[in-house]
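Here's the structure we're looking at; comments come further down.
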Amino acid sequence: MTGYAARPILGAMDIFTAIEKRHSYRGPYKAGSVPRADLKKILLAAVRAPSGYNEQTTSFVAVDDSEKIRAISEILQQPRIADAPAVVVLCMDLSAKKRRDLYFGVEDYSAACENLLLAATALGYAAVWIDGSLRRDDRARRVAELLDVPDSFEVRVVVPLGVPEESWPQKEKKPPAERVFFNSFGSAG
Ligand SMILES: Cc1cc2nc3c(=O)[nH]c(=O)nc-3n(C[C@H](O)[C@H](O)[C@H](O)COP(=O)(O)O)c2cc1C
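Okay, structure coming up:
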């Protein structure tokens, strides 16, 4: 990626710490912008994600224009997003459906989104994967129009991010013993 720093993404935090610390954040953000250098690092992590057939069907629009962020917040009817210093919008390339027998657009953007969230966490930002809220009232199409996303792409996720003002508790996960098995489903090994 021309112009994107080819430095390691996890400088300050190892991958397991970033995984442990990541959580959805829907609170206020500290004032100030997300430097473009950090946004680029986060996006570089996202584009490195695996994708079916290596089709790389996910494109990203990083928004740090406050007017556009406010407009996205209005479309999604989520006032908190208006305060976010940056928002990344993940767009799925529908045209790839025609090229292969199988289409992995959802899996591709999901892998990319998790990379993005982990990289943001590693750099000290908090974020949330907003997907469900886009599926109502034609909101995804309205975000696409706002950002000039071509018709061959569908807006699938909006990720507001910034330095969190509040500390939020981690969500409880089910005990691993309920979900993780060895050699056969249900077996602790
Ligand atoms: C596919 C998907 C869709 C999601 N959609 C939304 C959404 O529309 N709005 C929202 O606030 N959070 C959304 N989330 C975040 C989840 O609510 C969150 O990941 C879950 O509650 C677990 O919390 P954690 O991320 O803190 O571990 C979504 C997450 C995923 C993976």
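Offset between the sequence shown (1-based) and our numbering: plus 862. Yeah, the Cβ is synthetic: ideal placement off N, Cα and C, and Gly gets one too. Please read these numbers as outputs of a predicted model, since none were measured by experiment.
Query: Exposed or buried, what is Pro1022 when buried is set at 16 or more other beta-carbons lying within 10 Å of its beta-carbon?; Result: buried
Query: Taking only three categories from DSSP, how would you classify Glu1040?; Result: helix
Query: Among Leu956, Gly894, Val909, which residue has its Cα nearest to the Cα of Leu979?; Result: Val909
Query: Please report the distance separating the alpha-carbon of Gly889 from that of Glu1028.; Result: 7 angstroms
Query: Look at the alpha carbon of Gly894 and the alpha carbon of Lys903, and state the distance between them as a whole number of angstroms.; Result: 18 angstroms
Query: Closer than 7 angstroms: is that where the CB of Asp993 sits relative to any heavy atom of ligand 1?; Result: yes
Query: Which residues in the same chain as Ala933 place their Cβ atom closer than 7 angstroms to its Cβ, once the five residues preceding and following it in sequence are excluded?; Result: Leu1008
Query: Give, in chain order, every unbroken run of the alpha helix (DSSP H) that is at least 4 residues long and sits entirely within the segment 955-1010.; Result: 967-984, 1001-1008
Query: Less than 8 angstroms separating the beta-carbons of Ser886 and Val990?; Result: yes
Query: What three-state label does DSSP hand Tyr915 in the structure shown?; Result: helix
Query: Rounded to whole angstroms, what is the Cα-Cα separation between Ala924 and Pro1037?; Result: 36 angstroms
Query: For the 8 angstroms Cβ check, are there 3 or more pairs between the segment 992-1003 and the segment 1013-1020?; Result: yes
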